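Protein chains in written order, with numbering that gives the first Met the number 0: chain L, 0 to 284; chain E, 0 to 284; chain X, 0 to 284; chain D, 0 to 284; chain P, 0 to 284; chain U, 0 to 284.
Number of protein chains: 6
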Amino acid sequence: MRSLDTRIDRILESYSNLGGINLADSHNFPNRASVIAVLTDIENVIFPGIREDFVLDTDTLRFVTGERLHRIVRNLTNEVLKAIKYICTKEQRDGTGCYKYSEQIILALIDEIPELRRLSCTDANAALEGDPAARSTEEVILSYPGVEALMVHRVAHFLHTKGVPIVPRIMSEYVHGRTGIDIHPGATIGEECFIDHGTGVVIGETCVIGRHVKIYQGVTLGALSVKKDYADRKRHPTIEDNVTIYAGATILGGKTVIGEGSIIGGNTWITASVAPKSKIYNCVV
Amino acid sequence: MRSLDTRIDRILESYSNLGGINLADSHNFPNRASVIAVLTDIENVIFPGIREDFVLDTDTLRFVTGERLHRIVRNLTNEVLKAIKYICTKEQRDGTGCYKYSEQIILALIDEIPELRRLSCTDANAALEGDPAARSTEEVILSYPGVEALMVHRVAHFLHTKGVPIVPRIMSEYVHGRTGIDIHPGATIGEECFIDHGTGVVIGETCVIGRHVKIYQGVTLGALSVKKDYADRKRHPTIEDNVTIYAGATILGGKTVIGEGSIIGGNTWITASVAPKSKIYNCVV
Amino acid sequence: MRSLDTRIDRILESYSNLGGINLADSHNFPNRASVIAVLTDIENVIFPGIREDFVLDTDTLRFVTGERLHRIVRNLTNEVLKAIKYICTKEQRDGTGCYKYSEQIILALIDEIPELRRLSCTDANAALEGDPAARSTEEVILSYPGVEALMVHRVAHFLHTKGVPIVPRIMSEYVHGRTGIDIHPGATIGEECFIDHGTGVVIGETCVIGRHVKIYQGVTLGALSVKKDYADRKRHPTIEDNVTIYAGATILGGKTVIGEGSIIGGNTWITASVAPKSKIYNCVV
Amino acid sequence: MRSLDTRIDRILESYSNLGGINLADSHNFPNRASVIAVLTDIENVIFPGIREDFVLDTDTLRFVTGERLHRIVRNLTNEVLKAIKYICTKEQRDGTGCYKYSEQIILALIDEIPELRRLSCTDANAALEGDPAARSTEEVILSYPGVEALMVHRVAHFLHTKGVPIVPRIMSEYVHGRTGIDIHPGATIGEECFIDHGTGVVIGETCVIGRHVKIYQGVTLGALSVKKDYADRKRHPTIEDNVTIYAGATILGGKTVIGEGSIIGGNTWITASVAPKSKIYNCVV
Amino acid sequence: MRSLDTRIDRILESYSNLGGINLADSHNFPNRASVIAVLTDIENVIFPGIREDFVLDTDTLRFVTGERLHRIVRNLTNEVLKAIKYICTKEQRDGTGCYKYSEQIILALIDEIPELRRLSCTDANAALEGDPAARSTEEVILSYPGVEALMVHRVAHFLHTKGVPIVPRIMSEYVHGRTGIDIHPGATIGEECFIDHGTGVVIGETCVIGRHVKIYQGVTLGALSVKKDYADRKRHPTIEDNVTIYAGATILGGKTVIGEGSIIGGNTWITASVAPKSKIYNCVV
Amino acid sequence: MRSLDTRIDRILESYSNLGGINLADSHNFPNRASVIAVLTDIENVIFPGIREDFVLDTDTLRFVTGERLHRIVRNLTNEVLKAIKYICTKEQRDGTGCYKYSEQIILALIDEIPELRRLSCTDANAALEGDPAARSTEEVILSYPGVEALMVHRVAHFLHTKGVPIVPRIMSEYVHGRTGIDIHPGATIGEECFIDHGTGVVIGETCVIGRHVKIYQGVTLGALSVKKDYADRKRHPTIEDNVTIYAGATILGGKTVIGEGSIIGGNTWITASVAPKSKIYNCVV
């Protein structure tokens, strides 16, 4: 009566019947745990010392960095390979080119790291400048969720632009879970971006955000329509340079442009373009 | 002067005085870490491969599944046992029936797994259909927080309907922490549900949600009153089939019914019923 | 062509050029992983049994507590030392006083633990009283994110009042990541506080919150201006005793006072003071 | 000048040149860490509680055992599969029969476990009877290296008799490392065997040992010749029932038989057969 | 045909039938892994820094030591409690005295630590003096197996003299496995003892060894008879001060006394007493 | 009465009084755990796949190797640095040359790896040739303790010849503990060496062993005198090419030479030189 064997059988039968979700058959998908582990390595290369529990000194920095780069190439190449195989034809999978192609993407990502570091520095400086409570760049890097979310987004976005499926999405959902900031890997975000508090922020796939933009908690930059056949259109708004968007604002639509230097007040609902230097507020109690 | 001994004494004294929160005395409560570990096992049975860092093949799938089911029964029976003991009388605790009763609940949960898999598949398909940015069912399962939150909810809800206290709540708060989606284990949710982005969604204990409902970030399905003696009433709204609720909408009250096929716009505030096929929007800037 | 050596060189060069973010040079900052580990120890002292995966009994409670207190003093003294060194002058760093000063702060924190336990109990009781779905104090402590966020806040606030930089912020961002509740360590919060659901709550640095206040998800208690030279002013509102603030309300400004016993409705936007016993609601659809 | 890249190249070149030891090429060998992990599981099934750090009770014993058996079958089938593939032809490897064959061996091993438990009990009782310092069967099982070495040998020997290469040898060398007792998996050992202290004991591949034999530290049961073409002959001695062999004795040769009930004194050197009931001693200072 | 359920049943049946070895029933035995973990803590208190992978400084030494002592008392009290319960009557087990008694033994062990440190220092100095290859006390402590075996023996012997069963034997077999040196916890060993190389050394339960004794690899200090009813007699030899025993010597018998200052040559076999200052050698090839 | 504080004080006092063993003061010694971890990395570079629990393929081999080499250089440089600092003067320690010097030693070790691989291959082939029970080179590498002991010895010996203290000794004692084979890092051992079974083998600091030598368990190659002022002399024997030494033989003395091609029988005791092609046996019972 306590037998589990027939229960195992029923579940195995369910695996056979509900194909497509069962990951045990024809091909392998990127592994969430591996992608997150390699993301931690990447964060440690971008800001050495940010996560590790030991002290880095100049003598060993070269070796620690070398160890990480080798590990990143090995592991991320494998995960990206699985993601690429899954979208390519059987012929392509059988060829030897897939691995090389995947490796080249990862090497290109590593070549981008100095630029990613520069961008993250501009984000951290924007946070320091934009938040009276911030006391130092280091405090910002160690504890501001917006800075981490943008750092991860810039990595995921790079892979997204190279055509890698699933892996960037796993990265962005990981940092979404940690910070409450949901940025689709497809979004284009300029430098000096500051997302404060961040919980509930949603930035859609085809958003284009300029330089020096400030975004507060609960802001949605979304689509007006979710028709499936609009997937290839620009469905999300454009935010020009030096815009500030306060908490809870909702800005929707692929043709909506928030003009340069505008200030969008909290809890506003915007579905049409706004001229440069506009100030949009709800009435206040 | 550096002595910690008197400090230890003062804290122990505090444990004695503030009874009821101190877990070191009369009975044991379910352990959060154990509940979360077993939840990971359950997720791996529902979608084999979703979390594990190794490749499953058909040959070993039976043994991996068997290993997990045995571990789930052992560990979850123990945690549920602690939760049940804590609400039953001393006589009931002393009898041998508690363990058997707890074990039967867990075996029933395992019998439910094929159905839970089917429901999760409908949720994943709803996400694929409802989000232009989604590219494949696998991407959805691996990276959409709404799909995970619903999968965990369906497990927690099953235990809740069996009368198990605390354990389902630990599960739902765990996934709330990971996704920002807060669904009380008591809520009834139909198949093909899609919660997009999800951060800030709150679904109350006595909600009833039909089939094919779409819910965006920041939606609250809550109560109008929080009087303690209303605990046994239906305090949260009913959402009928094919309803879409956009970001930030707040729908309150146990008698509030959102009629079939309605569309509730973003940032709306609704405390009364709405006829089928209604479209409710705030005015737009 | 697969060489990583030149890539390592380019990244090391980037470390040299972008000084101030690179943590590998002149001084060490508090380590995020260590701070979080010690925070877990502190939570286990405040509510023994809340996180651990073993059963505590009276016989061993003294030894477990002693072990934890010694570990807390050792590890947190070191992290606080790094934070303090980083703001003090070279002369101060060279002296031996830094370690002693840091240790005294941690010992004072330990002396505060019985009071922190008492405050957390009042929070848990407020949750039990305020939520019809709550069934027991233990369920609340084990699974309500608001109770955890407040417990961590009270620890972080204590360190903040002692002038410790960075460490309290790491703690508050850690629990922000877990709960979606973002409370700045500087905020002053009275006893019997209940934050329900919590996702998206933001409580600013100079907030002052009285006793027995209820706060729902998505509430912002923020600043009207983010000018950097206002950093030392009171920029965030005062909430008096017995106030309830429903989901999505935004209350801004350092001179804004919500009078005793007021009820602030959901999705309201408030930038001026409100008299005691006020009830402020948006119009409802 | 600090470059490691050319050093990596030189080592990779060495991997290419010294084929046959480099495990990175054509086929995979059993993994030492996996074999040892599964061996720990087997030991825990044979003597539940012997290694685990938690308390087993009757209620959960079935589930713990089921979990272990599934894990043993999965993992050991895979390791044995690698060992078998490595000795079979390419045609055999390509067929699907290898996995089934490996699985059947492991299932047969599991069928043998009750018998292996019985044998280990006779060994433990022999130790209790034979050592005045032994106080209880439990002490013997928990702390006598001879009992563990024999338990592992009986597992390894079973696999050896099924024709599995390498895996049994990894098992016997693992326990050799832990106990200093080196028993080749090919040796045949009867029940009620007691190996006391054990360090330095060597028992060769074609030894045949009867029932109720006592062996002390430093005893060698070895071969007279190590010519490679004698590999298929019986090269090691036969020890009949009820023999005692004291510390440091060396008994060599495939035709050497130590007759029933004999006592072989310490530090003796024996290369010819000995009649039943003999007592062989060196002269004593 | 792949079913494991009937196999689980057969093994459970075997657990029921072979009572006394099955640890899943009436009482719990000390746990090997826990005893070894606490032993590592004790070694770290005796020689702080010997095993740990971090740097200790004077400031934190007090807190590290306090943490360890609390952990040692908690864990070792529990293991000793299981060992004591197992030998006492049901009445004794039900009383509350067992825990207190066990705790007092552990507190006495902790009171002994300064003396254990002193003894280990004399052993280390004896190794430094006695081995031309030894270059420093630190090298000796970090890498000489004889020093570790004696350190663990002195701990195990202390518990043995307090009447604790099984636990000291687990400790001595643990270090036997690591070093090949098998010292029964009952043996009495004076200070300044040096065991060089050590593999194969066996020192029996009732041995008495004086000060400044040197013992080489493969030495046996054993019994002449293993009759079970001699268990309470002195069965192993006495070694007086300043004796040296070279590799492979065997000295047997409870009445055998090796007189002060004697030198016992390699591979000798001694079953009778030897006068002080004797030099005993085998003839040499 | 349960206070541990005064006990902590007494132990701290003991740390102050017994200087030189307490590792918490003036300088740091190499850390045993770190040395062993790096040794595992070195073994994995020498025989890729020998220890790891994952499958290596050609594509990733370069990256895995690069990761390991960087980690080896970082970690072993640090441990060797601590060992070197400990023997050098304060002036030397303050200079910056110590780190560079240590790093150069480790880079030289890495340059030696192809040669170390070649030597280990000759050892493995010698085992395959010399043991009728050996079935394949792979079985030998995966399971013969003699092959591992020699592999580690060749690493430790390289560091010893570079003048590094303590670290090589930690390595050799680690593998002594695993295999029972005790080879001092100073010993010189030629290629094609086969140590069979190995338990109890002792090879002293100044031994010189030629090519193609076979050594069985319990063989001692030791010193005749252990006077401390002989530390710089050759105290251990020379074994010429193609010698076989059977189990338990003892060969002592720095001037003792075992001539080319000799066979030394089991349990012999030799303190003088032996001509080439000699066969030395004890008489046999």
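Glycine residues also receive a C-beta, built at the ideal position from the N, C-alpha and C atoms.
In this text, all values refer to a predicted model and were calculated from it rather than measured experimentally.
Through-space distance from residue j to residue i, alpha-carbon basis
{"i": "P167 of chain U", "j": "L80 of chain U", "result": "13 angstroms"}
{"i": "R116 of chain U", "j": "V200 of chain P", "result": "34 angstroms"}
{"i": "I7 of chain E", "j": "R61 of chain X", "result": "7 angstroms"}
{"i": "G176 of chain P", "j": "M170 of chain P", "result": "10 angstroms"}
{"i": "V63 of chain X", "j": "R134 of chain X", "result": "29 angstroms"}
{"i": "I263 of chain L", "j": "T249 of chain E", "result": "22 angstroms"}
{"i": "I202 of chain E", "j": "I182 of chain E", "result": "5 angstroms"}
{"i": "V34 of chain U", "j": "D56 of chain P", "result": "21 angstroms"}
{"i": "E190 of chain D", "j": "N124 of chain D", "result": "10 angstroms"}
DSSP three-state assignment for residue i, whether helix, strand or coil
{"i": "L38 of chain D", "result": "helix"}
{"i": "I262 of chain D", "result": "strand"}
{"i": "G217 of chain U", "result": "coil"}
{"i": "K205 of chain E", "result": "The sequence as given places Thr at residue 205 of chain E; Lys does not occur at that position. T205 of chain E: coil per DSSP, three-state reduction."}
{"i": "K276 of chain E", "result": "coil"}
{"i": "L223 of chain P", "result": "coil"}
{"i": "V72 of chain P", "result": "helix"}
{"i": "V200 of chain P", "result": "coil"}
Per-residue burial, residue i [other beta carbons within 10 Å of its own, 16 or more giving buried]
{"i": "A82 of chain L", "result": "buried"}
{"i": "S261 of chain E", "result": "buried"}
{"i": "K278 of chain P", "result": "exposed"}
Own chain partners of residue i with C-beta closer than 8 angstroms, once the 5 adjacent residues on each side are dropped
{"i": "E42 of chain P", "result": "I49, R50, E147, M150, V151"}
{"i": "L37 of chain P", "result": "Looking at the sequence itself, residue 37 of chain P is Val, so the reference to Leu does not match. Correct list, in chain order: R70, I71, N74, L75, E78."}
Residue closest to residue i, alpha-carbon to alpha-carbon, out of the options
{"i": "I244 of chain X", "options": "X:T205, X:E204, X:H196", "result": "X:H196"}
{"i": "T255 of chain U", "options": "U:I194, U:T205, U:G264, U:L118", "result": "U:T205"}
{"i": "R31 of chain U", "options": "U:E78, U:V72, U:V212, U:D56", "result": "U:E78"}
{"i": "K161 of chain L", "options": "L:E102, L:G203, L:E138", "result": "L:E102"}
{"i": "I140 of chain U", "options": "U:F193, U:L108, U:P113", "result": "U:F193"}
{"i": "T187 of chain E", "options": "E:D228, E:A107, E:T121, E:F157", "result": "E:F157"}
{"i": "T59 of chain X", "options": "P:L68, P:T59, P:D58", "result": "P:L68"}
Close-in-space but distant-in-sequence residues of the same chain around residue i (CB under 7 angstroms, 5 per side omitted)
{"i": "Y143 of chain E", "result": "A126"}
{"i": "A23 of chain L", "result": "Confidence at A23 of chain L is low in this model, with a pLDDT of 49, below 50, so its placement is unreliable and the value that follows should be read with caution. Here the set comprises Y14."}
{"i": "D130 of chain E", "result": "D195"}
{"i": "G145 of chain X", "result": "A126, I180, F193, I194, D195, G197"}
Residue i beta carbon near the ligand HEM (any heavy atom closer than 7 angstroms)
{"i": "E259 of chain L", "result": "Of the ligands one can find in the structure shown there are none, so the ligand HEM has no counterpart to examine."}
Neighbourhood of residue i by C-beta, 6 angstroms cutoff - its chain only, sequence neighbours within 5 removed
{"i": "P275 of chain X", "result": "G258, E259, G260"}
{"i": "V174 of chain X", "result": "A148, V151"}
{"i": "H159 of chain P", "result": "P167, P184, G185"}
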